[in-house]
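Per numbering that gives the first Met the number 0, numbering of the sequence shown is gapless, rising by one per residue and ending at 177. Glycine included, every Cβ here is placed at the ideal spot set by N, Cα and C. It should be emphasised that the depicted structure is a prediction, and the values quoted were computed from it without experimental measurement. Structure first, commentary second.
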Amino acid sequence: MEIRLAGITEESIVDGPGLRLVVFAQGCPHHCQGCHNPDTHDVNSGYTITLTDLFGYIEQRFAGNKILRGVTFSGGEPFLQAEPLGCLAERLKALGLDIVCYSGFTFEQLGAMAITNTGVGQLLRQTDILIDGLYRANERDLGLAFRGSRNQRLIDIAATLATGQITLWEDASQKRWA
Numbered sequence: 000m001e002i003r004l005a006g007i008t009e010e011s012i013v014d015g016p017g018l019r020l021v022v023f024a025q026g027c028p029h030h031c032q033g034c035h036n037p038d039t040h041d042v043n044s045g046y047t048i049t050l051t052d053l054f055g056y057i058e059q060r061f062a063g064n065k066i067l068r069g070v071t072f073s074g075g076e077p078f079l080q081a082e083p084l085g086c087l088a089e090r091l092k093a094l095g096l097d098i099v100c101y102s103g104f105t106f107e108q109l110g111a112m113a114i115t116n117t118g119v120g121q122l123l124r125q126t127d128i129l130i131d132g133l134y135r136a137n138e139r140d141l142g143l144a145f146r147g148s149r150n151q152r153l154i155d156i157a158a159t160l161a162t163g164q165i166t167l168w169e170d171a172s173q174k175r176w177a
């Protein structure tokens, strides 16, 4: 199985809690005004890599850097490639890594999509924190942790699936610019 990527950032502190490796999926239907990754929009741009090669690359990075905490899927829109990212997330979680996933879709939209797209459901179930919603330039707030606009939510997926109600992820130690 292959996936189309825009790139990889090996160490980030702004894309989720702790030091993270970030995988940028290529392709996005949202085209948010003010998007900070506009080069990821074209579904035919970027490069392809097999899941085996991508997993091996990530596994090597974590073996060489024990303070890396987890992997973040950003983009582009990761849920356009939900099946390969869901498979990758499952393998990464087996290594003890946590998964953060950004999406311009809301949790509610993804839930509806999961009814007919098993990959969406798989990626959702493997995600620890979902940062959902379109970036809205008129709601921009640089004081928010891990997101750019006030409408976006940090959702604790395990708690949300367990309770059937959206549960926001909160960690007071992660206040941006505090």
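- Between residue 67 and residue 102, the alpha-carbon positions lie close to 22 angstroms from each other.
- Of the residues assessed, residue 16 falls on the buried side of the cut-off, its CB having 16 or more other CB atoms within 10 angstroms.
- In the pairwise beta carbon analysis, the stretch 89 to 99 is classified as not touching the stretch 22 to 30: fewer than three pairs are separated by under 8 angstroms.
- When beta bridges are read from the DSSP output, residue 73 appears opposite 23.
- Excluding its 5 nearest sequence neighbours in each direction, residue 52 has no C-beta neighbour in its own chain below 8 angstroms.
- Restricting attention to 70, 76, 79 and 105, the CA atom closest to the CA of residue 89 is found in 70.
- DSSP, read as helix, strand or coil, puts residue 99 in strand.
- Looking at the DSSP output, residue 46 sits in a beta bridge with 4.
- Closest in C-alpha terms to residue 29, from the list 50, 170, 133 and 9, comes 133.
- For residue 129, the enclosing beta strand (DSSP E) starts and ends at 128 to 131.
- Note that the C-beta distance between residue 154 and residue 84 is not below 8 angstroms.
- The Cβ atoms of residue 87 and residue 50 sit closer than 8 angstroms to each other.
- According to the DSSP assignment, residue 153 belongs to the beta strand (DSSP E) that extends over 152 to 155.
- Per the C-alpha coordinates, the member of 137, 161 and 162 positioned closest to residue 150 is 137.
- Taking 8 angstroms as the upper bound for CB-CB distance, residue 78 and residue 119 are in contact here, some 6 angstroms apart.
- Within a 10 Å sphere around the beta-carbon of residue 32 sit fewer than 16 other beta-carbons, which makes this residue exposed.
- DSSP places residue 60 in the helix class (H, G or I) of the three-state scheme.
- For residue 9, the secondary structure class from DSSP, reduced to helix, strand or coil, is strand.
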